[in-house]
Amino acid sequence: MKIFTNRPFIVPRWIILIADTVISTASFVLSYFILQEFRFPLLIRGHFFIYAGLFVATSLTVFYAMRIYRGLIRYSNTKDMFRIFSAVLVVSLIYPVVSELVAIRLYRIPRLDMPTLLVLNFFISSSLLIMLRTSIKEVYILAKGNALADVKRVLIYGSDQHAILIKQAIEAANNEKVVVSGFIQSGGKKINSNIEQKRVYHSRELADLHKKFNINKVILPNSLSNNADVRRIIDQCLNLGIQVQAVPPSEQWVSGKLSMGQMQDLRIEDLLPRKPIEINNQLVSKEIYGKRVLITGAAGSIGSEIARQVMSYNPEMVVLCDQAESPLHEMQLELEEGYPAAKIKTFIASIRNLRRMIIPFKEYRPHIVFHAAAYKHVPMMEKYPEEAILTNVMGTRNMADLSVCFGVEKFIMISTDKAVNPTNIMGASKRIAETYVQSLNSSSFNPPSTELLSDLLRDADDESISVVNNKTRFITTRFGNVLGSNGSVIPRFRSQIQHGGPITVTHPEITRYFMTIPEAVQLVLEAATMGNGGEIFVFDMGQPVKIADLAKNMIKLAGLVPDKDINIVYTGLRPGEKLYEELLNEKEKTLPTHHEKIKIAKVVSRSYKEVLNDIENLTELCKQGDHFKLVGKMKLIIPEFISNNSEFAKLDDVKGRKKVLFVPAFTETINIRN
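Sequential numbering from 2 applies to the sequence shown in the numbering used here.
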């Protein structure tokens with residue numbers, strides 16, 4: 002029979018029970034012989050067999066009742082050892098009573114020196130039972146490790162109770178291909194000590210341990226991934242090709258217990274060089290509690306996270322608006338699992354459709370609008386500039402105008418660092434939208450200046466709608482790339498790794514600012530509370546990250562070797578793409594706020610009338626289908642818009658000044674929104 006196979010041989014539990022009873026009885030006999038100095042007066046007369054038989058019966062009964070035979074010996078741990086001590090102690094307490102009732106009173110045989118005998122037996126018996134389990138365990142691990150080349154040897158970070166629970170969860174999973182080789186930490190009194198029969202090593206020994214034991218994996222609590230010592234260990238692991246897994250906080254364990262299935266590979270988000278973000282939850286709660294909130298782009302990466310976090314502050318209602326049917330439905334179902342369905346409303350529409358967008362404003366009367374709907378992919382917008390204008394500019398105008406007309410208290414626009422010194426159409430369209438929102442904040446002009454919007458509002462027949470008095474405060478938040486958003490670099494890299502590569506990076510030196518989606522939304526909510534209107538808030542995104550380094554770390558996190566297991570291929574910059582992003586241009590300065598990661602950009606503002614005229618001109622050009630005229634007009638509106646790696650670069654001269662381009666001027670208000 003093969004013992005060490007993928008389907009291991011398991012000794013029946015009744016055999017373990019009998020073996021434990023035999024060892025315990027043999028210990029009892031040995032203890033008696035030692036105390037009698039190996040003279041056998043009771044043995045000669047046969048009396049000792051009665052005592053031995055009673056001891057067998059007592060041990061068998063107690064061991065069965067306390068179930069010390071249960072569980073696999075090769076996965077014995079501290080709890081099992083304690084159970085053995087307890088069982089032997091119970092035998093030592095019960096046996097004198099049994100022997101008194103049976104041996105002495107029934108058979109009337111001489112008494113043994115019971116206290117001394119049982120104390121000696123306690124130490125011998127418990128030691129032998131524990132040694133048996135430890136020996137079998139070590140022999141099994143050695144044999145199994147030699148038999149299976151693909152066995153994974155694991156180190157666990159830490160030596161506290163949390164680390165012990167991780168070890169026990171691994172062993173309880175009965176996974177024959179995972180062996181805990183020890184614990185590792187950066188210092189402390191427990192270095193070189195043993196816990197649960199495993200040694201605690203210093204982190205500086207990691208490279209040697211990797212060679213000695215062929216360590217495949219290091220497991221650490223997820224809460225420590227930003228700890229400086231742990232980060233050094235993670236970097237060591239990545240360089241040595243050791244996989245890193247994280248364990249969720251104990252409050253997330255199922256039924257209070259940790260299982261192997263809850264251990265997850267360390268995410269690239271956990272390796273960003275940044276400090277944890279802290280926000281003033283009380284201020285955010287005061288801003289949102291009991292309010293009606295409308296979120297555009299609610300099915301997208303940012304919009305959906307805004308919805309999740311807003312719901313946690315107990316608003317009166319959240320209206321989820323998006324044109325993507327299935328993701329919006331999924332978002333609704335997700336929120337309804339944790340919150341009353343009556344608080345969650347959905348509305349399917351495009352923000353470009355002014356007539357449709359009046360409906361949620363009229364029906365739900367939101368106090369706060371988070372405007373996250375936008376086109377964001379740079380190469381796509383280079384191909385379809387009119388779509389960028391109609392959605393990112395006109396769509397924003399629709400939402401902003403309606404916010405004024407329906408008395409929205411605050412309008413928060415989600416912008417991008419690509420709006421700073423834009424090199425592409427997407428960034429330029431967002432910058433134009435920023436200028437409109439900012440100009441509208443201080444405007445005394447009537448936003449529904451088009452005939453269509455005036456007619457629509459008149460049809461609404463609601464005296465509470467104000468078409469003159471602008472009391473809405475407009476706030477813009479500007480930040481860089483978020484990790485894990487739909488269509489972003491992280492999911493793409495992950496997919497490429499899963500398919501065996503290669504990973505495609507546009508340029509070896511390209512860098513980006515990164516932030517996780519929850520972190521970005523936390524700052525959006527904080528900025529929304531502190532905004533008085535007209536501000537453009539920029540976020541401290543931490544240190545910029547090279548995309549090539551990001552790709553290499555993702556390959557290493559997958560337990561692979563860059564340019565060996567997975568190749569990295571450089572494809573060249575895409576149209577409109579630049580090597581690095583900026584949160585401010587050279588003319589913009591910042592003012593501090595009470596939050597160290599949020600600053601206010603001092604941006605040169607333009608008059609509402611001037612911006613409105615530019616937007617109307619752009620909208621008319623969208624109807625003509627001439628991309629060069631349209632982009633040329635965008636460059637006149639945003640002088641710092643210099644195309645990069647794009648066909649529209651011909652509209653710029655070598656010094657970055659715009660070439661003269663004939664763009665017709667439009668002075669009349671154009672009625673084209675529908």
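We treat Cβ as the ideally placed atom computed from N, Cα and C, and that holds for glycine.
{"query": "How would you label Thr436, buried or exposed, when you count the other beta carbons within 10 angstroms and need 16 or more for buried?", "result": "buried"}
{"query": "Kindly indicate the opening and closing residues of the beta strand (DSSP E) around His330.", "result": "Here His330 belongs to no beta strand (DSSP E); instead the alpha helix (DSSP H) covers 326–337."}
{"query": "Would you call the stretch 563–580 and the stretch 622–636 touching, i.e. three or more CB-CB distances under 8 Å?", "result": "no"}
{"query": "I'd like to confirm the pairing. Which residues does DSSP put opposite Ala528 in its beta bridges?", "result": "DSSP output for Ala528 lists no bridge partner at all."}
{"query": "I'd like the span of the alpha helix (DSSP H) that includes His163, first residue to last.", "result": "162–173"}
{"query": "Three Cβ pairs or more, each shorter than 8 Å: is that satisfied between the stretch 492–501 and the stretch 390–406?", "result": "no"}
{"query": "Which value, in whole angstroms, describes the spacing of the CA atoms of Asp323 and Ile548?", "result": "31 Å"}
{"query": "Between Gln234 and Leu207, how many whole angstroms is the CB-CB distance? I'm expecting something under 8 Å.", "result": "One detail in the question is off: residue 234 reads as Ile in this sequence, not Gln. Contact holds; Cβ gap of about 7 Å."}
{"query": "Cα-Cα, which of Phe412, Val490, Leu441 is closest to Thr478?", "result": "Phe412"}
{"query": "Where does Asn7 sit, in a helix, a strand or coil, going by DSSP?", "result": "Here the model assigns Asn7 a pLDDT of 46, short of 50, so the residue's position is not dependable and the matter cannot be decided."}
{"query": "Taking the Cβ atom as the reference point for each residue, do Ser160 and Gly188 lie within a distance shorter than 8 Å?", "result": "no"}
{"query": "Quick check: the Cα distance between Ala529 and Asp230, rounded to an integer number of angstroms?", "result": "36 Å"}
{"query": "How is Val655 classed by DSSP in three states: helix, strand or coil?", "result": "Residue placement at Val655 is poorly supported in this model, since its pLDDT is 44, which falls under 50; the coordinates still yield a value, given next. Residue state, collapsed to three classes: coil."}
{"query": "Give the list of continuous alpha helix (DSSP H) stretches no shorter than 4 residues that lie fully inside the stretch 177–220.", "result": "207–214"}
{"query": "Three-state secondary structure (DSSP) at His378?", "result": "coil"}
{"query": "Counting C-beta neighbours from all protein chains within 10 Å, is the total for Pro367 16 or more, i.e. buried, or is it exposed?", "result": "buried"}
{"query": "Apart from the five residues just before and just after Ile19, which ones in its own chain have a Cβ nearer than 6 Å to its Cβ?", "result": "none"}
{"query": "Compute the beta-carbon to beta-carbon distance between Leu321 and Ile360, rounded to the nearest angstrom, for a pair I have assumed lies under 8 Å.", "result": "Contact doesn't hold; Cβ gap of about 14 Å is too wide."}
{"query": "Measuring alpha carbon to alpha carbon, tell me which residue in Val438, Val483, Gly183 is nearest Ser302.", "result": "Val483"}
{"query": "Does DSSP put Val570 in a helix, a strand or coil?", "result": "strand"}
{"query": "Taking a contact to mean a Cβ-Cβ separation below 8 Å, would you say Gly291 touches Glu317 in this structure?", "result": "yes"}
{"query": "The ligand PLP and Leu118: does the residue's C-beta get closer than 7 Å to at least one heavy atom of that ligand?", "result": "In terms of ligand content, the structure shown is empty, and the ligand PLP therefore cannot be addressed."}
{"query": "Return the residue from the list Pro545, Met531, Ile504 that minimises the CA-CA distance to Gly481.", "result": "Pro545"}
{"query": "Taking just the CA atoms, how far does Lys557 sit from Gly240?", "result": "It is Asn, not Gly, that sits at residue 240 in the sequence shown. If you take the alpha carbons of Asn240 and Lys557, they lie about 8 Å apart."}
{"query": "Quick check on DSSP: helix, strand or coil for Met264?", "result": "coil"}
{"query": "Who does Arg1 pair with in a DSSP beta bridge?", "result": "Since the displayed the chain opens at 2 and closes at 675, residue 1 lies outside it and no answer follows."}
{"query": "Which residue comes first and which comes last in the alpha helix (DSSP H) that contains Ile360?", "result": "355–365"}
{"query": "Would you tell me roughly how many angstroms separate the C-alpha atoms of Glu335 and Glu611, rounded to the nearest one?", "result": "44 Å"}
{"query": "Quick one, are the C-beta atoms of Phe494 and Met555 less than 8 Å apart?", "result": "yes"}
{"query": "Taking the C-alpha atoms as reference points, what is the distance between Ile504 and Asp566?", "result": "11 Å"}
{"query": "Short check: CB of Ile382 to CB of Ala389, under 8 Å?", "result": "Position check: residue 382 holds Met in this sequence, whereas Ile was assumed. Contact flag set, yes."}
{"query": "Can you have a look at Gln625 and say buried or exposed, based on whether 16 or more other CB atoms are within 10 angstroms of its CB?", "result": "exposed"}
{"query": "According to DSSP, is Thr563 part of a helix, a strand, or is it coil?", "result": "Note that residue 563 is Pro in the sequence shown, not Thr. Correct three-state label for Pro563: strand."}
{"query": "For Pro380, which of Gln523, Val311, Val405, Met427 has the nearest alpha-carbon?", "result": "Met427"}
{"query": "Cutting at 7 Å between CB atoms, please list the residues of its own chain near Ser32, excluding the five before and the five after it.", "result": "Leu118, Leu121, Asn122, Ile125"}
{"query": "Check for me: the beta strand (DSSP E) holding Asp323 runs from which residue to which?", "result": "318–323"}
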